[in-house]
Amino acid sequence: MIRALGWVLRRDLLLVFRRRGDVVNALVFFVIVVSLFPLGVGAEASQLRNMAPGVLWVAALLACMLSLARLFAPDHQDGTLEQMLLAGEPLVILVMGKVIAHWLVSGLPLVLMAPLLGLQFDLPGDALAVLCVSLLIGTPVLSLIGAVGAALTLGVRGSGALVALLVLPLYVPVLIFGAGSVGATAAGTGAEAHLLLLGGFLALALVLAPWASAAALRIAME
Amino acid sequence: MLEARHLECTRGERRLFRDLSFKLGGGQLLRVAGANGSGKTSLLRIMCGLLAPSAGELRWRGRPIRAEREEYSRNLVFIGHLNALKDDLTALENLQVTAALGGMPADAERMLAALDRFGVAHCAELPTKILSQGQRRRVALARLALSPAVPLWILDEPFSALDVGAVSELERLLAAHIASGGMVVLTTHQEVQVVAHAVLRIDLDVHTAALLAA
Numbered sequence: 027m028i029r030a031l032g033w034v035l036r037r038d039l040l041l042v043f044r045r046r047g048d049v050v051n052a053l054v055f056f057v058i059v060v061s062l063f064p065l066g067v068g069a070e071a072s073q074l075r076n077m078a079p080g081v082l083w084v085a086a087l088l089a090c091m092l093s094l095a096r097l098f099a100p101d102h103q104d105g106t107l108e109q110m111l112l113a114g115e116p117l118v119i120l121v122m123g124k125v126i127a128h129w130l131v132s133g134l135p136l137v138l139m140a141p142l143l144g145l146q147f148d149l150p151g152d153a154l155a156v157l158c159v160s161l162l163i164g165t166p167v168l169s170l171i172g173a174v175g176a177a178l179t180l181g182v183r184g185s186g187a188l189v190a191l192l193v194l195p196l197y198v199p200v201l202i203f204g205a206g207s208v209g210a211t212a213a214g215t216g217a218e219a220h221l222l223l224l225g226g227f228l229a230l231a232l233v234l235a236p237w238a239s240a241a242a243l244r245i246a247m248e
Numbered sequence: 003m004l005e006a007r008h009l010e011c012t013r014g015e016r017r018l019f020r021d022l023s024f025k026l027g028g029g030q031l032l033r034v035a036g037a038n039g040s041g042k043t044s045l046l047r048i049m050c051g052l053l054a055p056s057a058g059e060l061r062w063r064g065r066p067i068r069a070e071r072e073e074y075s076r077n078l079v080f081i082g083h084l085n086a087l088k089d090d091l092t093a094l095e096n097l098q099v100t101a102a103l104g105g106m107p108a109d110a111e112r113m114l115a116a117l118d119r120f121g122v123a124h125c126a127e128l129p130t131k132i133l134s135q136g137q138r139r140r141v142a143l144a145r146l147a148l149s150p151a152v153p154l155w156i157l158d159e160p161f162s163a164l165d166v167g168a169v170s171e172l173e174r175l176l177a178a179h180i181a182s183g184g185m186v187v188l189t190t191h192q193e194v195q196v197v198a199h200a201v202l203r204i205d206l207d208v209h210t211a212a213l214l215a216a
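Shown next, in the form of structure tokens:
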């Protein structure tokens with residue numbers, strides 16, 4: 027089972043490596059959106075500090091959502107998804123492999139980029155650290171929930187808008203507690219409660235999302 | 003042993019076939035015939051477990067196939083009309099991934115031998131997007147050369163886009179599989195030159211016509 031997961035992960039990462047443009051897109055989007063805010067809003071430090079957590083989190087969320095369309099659709103088109111359904115390994119495991127690949131490609135780079143972008147907003151050191159931790163816990167949840175949305179809308183025309191509609195309500199709690207954790211640090215109340223809740227979301231999504239995606243994929247293939 | 007009992011398939015508003023029953027045993031080849039749109043591909047997808055029949059059921063060794071999906075999947079190779087190849091991966095990488103997902107060892111030597119049987123070993127290191135349609139089909143079919151021990155082969159139009167040499171190679175492979183007690187289900191528009199103990203044939207047009215007359 028682990029071997030099959032490893033092969034799916036390896037295949038998806040290899041595909042991304044051969045088509046680097048797609049990955050760079052999400053990251054460039056994230057960097058551009060976040061960098062435009064200080065230019066548009068003005069350079070008053072206290073104002074920037076206040077809005078930084080929200081801006082960074084919203085941009086990360088949208089960047090993650092942009093790449094969802096490519097999660098299952100290419101596999102659906104070339105028939106490899108059919109073969110995954112007939113693989114003789116639990117589909118849940120293979121879906122997990124794809125979600126991990128998605129996070130490594132579209133979530134992790136945002137986490138690594140965030141401290142640098144946070145500097146533009148004059149965030150203090152401890153807030154930057156909390157921002158990174160919150161993104162580190164939160165972005166896998168975005169990938170997991172996104173996988174369910176992508177699987178449910180597979181093969182549907184105009185699936186891009188539909189995914190947003192399905193997935194955004196589920197993203198909102200992650201956004202609130204993710205951005206809230208950074209805000210709480212800045213306000214001096216401590217971010218533990220927010221981060222623990224984010225951890226709870228991650229645990230819940232890890233348990234439920236792969237199963238839901240696998241079931242949705244089977245329905246989509248009928 | 004694959005047994006179908008009173009299968010019925012409805013797509014949208016249209017009923018493609020109904021009350022279709024057959025038994026397929028070791029060493030037999032089943033050829034599904036019928037006009038375009040008569041439900042050949044749907045029948046094959048039902049046999050794989052990708053599609054649920056609207057009525058009836060399929061049993062593999064006496065057990066319903068949808069009850070033990072993974073177990074059944076390990077006993078079958080399905081090659082659909084899509085080649086299931088990733089454009090950006092090389093032929094070798096594509097074959098390795100499919101083999102690994104099918105639970106087979108994925109060492110490069112076995113893969114190259116399989117590609118060589120279909121005369122595409124020289125393309126092993128090329129990305130499949132630059133291969134011709136026929137070459138891609140050959141790479142997809144090379145999976146069969148890796149899977150002599152998998153009892154059930156389900157092939158949707160395996161001969162499409164192949165040249166004469168590849169057709170005869172595939173026929174040899176099918177004959178060897180059947181001779182060793184395997185089972186083959188295929189759809190094709192050309193006559194197959196495979197010597198099987200029994201070539202079963204389902205013609206979906208004739209089947210539907212017979213039901214209508216009855």
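Protein chains in written order, with our numbering: chain U, 27 to 248; chain A, 3 to 216. Virtual Cβ for every residue (Gly too), placed ideally from N, Cα, C. Here the structure is a predicted model, which is why all the values come from computation and not from measurement.
| Asked | Found |
| --- | --- |
| Might you give, ordered along the chain, the residues of its own chain that have their beta carbon closer than 7 Å to the beta carbon of A/Glu59, omitting 5 neighbours on each side? | Arg7, Pro66 |
| Going by the DSSP bridge assignment, what does A/Asp205 pair with across the sheet? | A/Ala35 |
| Would you mind working out which of U/Leu143, U/Ala177, U/Leu170 sits nearest U/Tyr197, comparing C-alpha positions? | U/Leu170 |
| Tell me the rounded alpha-carbon separation between U/Ala210 and U/Ser93. | 30 Å |
| If the cut is a Cβ gap below 8 Å, which residues of chain A does U/Met27 touch? | Those within 8 Å of U/Met27 in chain A number zero; the least Cβ separation is about 10 Å. |
| U/Pro199 to U/Gly105, Cα distance in whole Å? | 35 Å |
| Measure the alpha-carbon distance for U/Gln103 versus U/Ala212 and round it to whole angstroms. | 47 Å |
| Quick check on DSSP: helix, strand or coil for U/Pro199? | helix |
| Just to confirm before moving on: does the CB-CB distance between U/Ala177 and U/Phe55 stay below 9 Å? | no |
| Using a C-beta to C-beta distance shorter than 9 Å, which residues of chain U count as neighbours of A/Ser149? | Chain U residues near A/Ser149: none, gap ~11 Å exceeds 9 Å. |
| Does U/Val34 come within less than 9 Å of chain D when only Cβ atoms are used? | Going by chain labels, chain D is absent from the structure shown, which instead holds the protein chains U and A. |
| Would you call A/Ser149 buried or exposed, if buried means 16 or more other Cβ atoms sit within 10 Å of its Cβ? | buried |
| To the nearest whole angstrom, what separates the beta carbons of A/Leu9 and A/Val187, a pair I think is in contact under 8 Å? | No, A/Leu9 and A/Val187 are not in contact; Cβ-Cβ is about 13 Å, not under 8 Å. |
| Exposed or buried, A/Glu73, counting other C-beta atoms within 10 Å across all chains shown (16 or more means buried)? | exposed |
| Consider the Cβ of U/Arg122: report whether some Cβ of chain A lies at a distance smaller than 9 Å. | A small fix is needed here, since residue 122 of chain U is Met in this sequence, not Arg. Output row for U/Met122: interface = no. |
| Could you pull out every unbroken beta strand (DSSP E) segment of at least 3 residues lying fully inside the segment 126–162 of chain A, listed in chain order? | 154–158 |
| Can you check whether the CB of A/Ser40 is closer than 9 Å to the CB of A/Thr190? | no |
| Does DSSP put A/Val122 in a helix, a strand or coil? | coil |
| When DSSP builds the beta bridges, which residues end up paired with A/Ile81? | A/Leu157 |
| Name the two residues that bound the continuous alpha helix (DSSP H) containing U/Leu136. | 134–146 |
| Comparing alpha-carbon positions, which option in A/Met106, A/Leu97, A/Gly104 lies nearest A/Leu114? | A/Leu97 |
| Counting only C-beta atoms, is U/Ala30 closer than 9 Å to chain A at any point? | yes |
| Check for me: the alpha helix (DSSP H) holding A/Arg47 runs from which residue to which? | 42–50 |
| Take every Cβ of the segment 129–138 of chain U, pair it with every Cβ of the segment 78–95 of chain A, and state whether three or more of those distances are shorter than 8 Å. | no |
| Run through the segment 153–237 of chain U for me and flag every whole alpha helix (DSSP H) of 4 or more residues, listed as ranges in chain order. | 185–213 |
| Just to confirm before moving on: does the CB-CB distance between U/Ala205 and U/Gly32 stay below 9 Å? | no |
| Would you give the residue range spanned by the alpha helix (DSSP H) that A/Asp21 belongs to? | Where A/Asp21 is concerned, there is no enclosing alpha helix (DSSP H), although the beta strand (DSSP E) it sits in stretches over 16–26. |
| Rounding to the nearest angstrom, what Cα-Cα distance links U/Leu107 and U/Leu65 in this structure? | 44 Å |
| Can the beta-carbon of A/Asp158 be found closer than 9 Å to that of A/Ala35? | no |
| Here's a check: name, in chain order, each residue in its chain whose Cβ is nearer than 7 Å to the Cβ of A/Leu128, leaving out the five neighbours to either side. | Thr92, Ala93 |
| Within 9 Å (strictly less), CB to CB, does A/Arg76 reach chain U? | yes |
| Using the Cα positions of U/Leu194 and U/Pro150, report the straight-line distance between them to the nearest angstrom. | 30 Å |
| Select from A/Arg71, A/Met49, A/Ala126 the residue whose C-alpha is nearest the C-alpha of A/Ala110. | A/Ala126 |
| Quick one: is U/Val42 buried, meaning 16 or more other Cβ sit within 10 Å of its Cβ, or exposed? | buried |
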